[in-house]
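Residue numbers (the numbering used here): 461 to 654. Scroll down for the structure; my scribbles are underneath it.
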Ligand SMILES: Nc1ncnc2c1ncn2[C@@H]1O[C@H](COP(=O)(O)OP(=O)(O)OP(=O)(O)O)[C@@H](O)[C@H]1O
Ligand SMILES: [Mg+2]
């Protein structure tokens, strides 16, 4: 099984994905992975791009994230799945759709350049308002973290919730309460496949 956790910057994805992986480590061999990945392209995105002066060409940005995704899938996700692990990815293709879609690229084109990336079995969206995430303390904000960008990104995520491609969870609660909700959704999904 391949699960991804999605949402705005600072909504609690890393917190929740790691908690979930810990909770399901023994029972389901769960492992945590993240995008941008730890590969060469992912490292470039994290270290040089996200915290640079400003966003570059959005097409280039979309292609970088798509290329990193292929590295992530080939080097981390598929090997772990082949070992029988449950893979929990902190961000995945919906982040590309939401962020580069919000910047003006067509969702169809973004889907196309990501067509070779494995489809997730379950995609969970941790929903927190843009105002709340902008207020969560962060020493340095990335080039994506403006209120206007976060509002547009959330709108796209919510469209995917409507289309039932994403399962929404209210992230505006304590970490523990959100964790319980995430666990409930994931357990229900896994049980359905028993
Ligand atoms: N439910 C919550 N309520 C309040 N604060 C939270 C909650 N969950 C996480 N936080 C805090 O918000 C901050 C961001 O959390 P986290 O790093 O998990 O978010 P993220 O979605 O992974 O962010 P990013 O997109 O930047 O990677 C952290 O300081 C974390 O402790
Ligand atoms: Mg994170």
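Cβ coordinates follow ideal geometry from the N, Cα and C atoms, glycine included.
Use the C-beta contact count for residue i: other C-beta atoms within 10 angstroms, 16 or more gives buried, fewer gives exposed.
| i | result |
| --- | --- |
| residue 576 | exposed |
| residue 636 | exposed |
| residue 597 | exposed |
| residue 503 | exposed |
| residue 476 | buried |
| residue 522 | buried |
| residue 495 | buried |
| residue 574 | buried |
| residue 550 | buried |
| residue 653 | exposed |
| residue 529 | buried |
| residue 623 | exposed |
| residue 536 | buried |
| residue 473 | buried |
| residue 631 | buried |
Put residue i into one of helix, strand or coil per three-state DSSP.
| i | result |
| --- | --- |
| residue 596 | coil |
| residue 587 | strand |
| residue 582 | strand |
| residue 534 | helix |
| residue 574 | coil |
| residue 466 | strand |
| residue 543 | coil |
| residue 632 | coil |
| residue 567 | helix |
What are the start and end residues of the alpha helix (DSSP H) that includes residue i?
| i | result |
| --- | --- |
| residue 651 | 635-652 |
| residue 616 | 607-622 |
| residue 411 | The chain is shown only over 461 to 654; residue 411 falls outside these bounds and no answer can be derived. |
Whose C-alpha, out of the options, is nearest the C-alpha of residue i?
| i | options | result |
| --- | --- | --- |
| residue 570 | 582, 578, 579 and 553 | 553 |
| residue 563 | 620, 600, 615 and 601 | 615 |
| residue 534 | 497, 471 and 607 | 497 |
| residue 580 | 557, 609, 548 and 567 | 548 |
| residue 514 | 622, 617, 625 and 609 | 609 |
| residue 466 | 524, 584, 488 and 625 | 584 |
| residue 555 | 642, 471, 648 and 643 | 471 |
| residue 463 | 469, 493, 602 and 487 | 493 |
| residue 646 | 633, 628, 632 and 634 | 628 |
| residue 592 | 611, 639 and 531 | 611 |
| residue 478 | 604, 643 and 542 | 643 |
| residue 582 | 648, 506, 630 and 604 | 648 |
| residue 638 | 480, 469 and 560 | 480 |
Between which two residues does the beta strand (DSSP E) carrying residue i extend?
| i | result |
| --- | --- |
| residue 546 | 546-550 |
| residue 423 | No statement about residue 423 is possible, as the shown extent of the chain runs from 461 to 654 and does not include it. |
Handout entry: Contiguous alpha helix (DSSP H) assignments of at least 4 residues, all confined to the region 474-522
Key = 485-488 and 500-504
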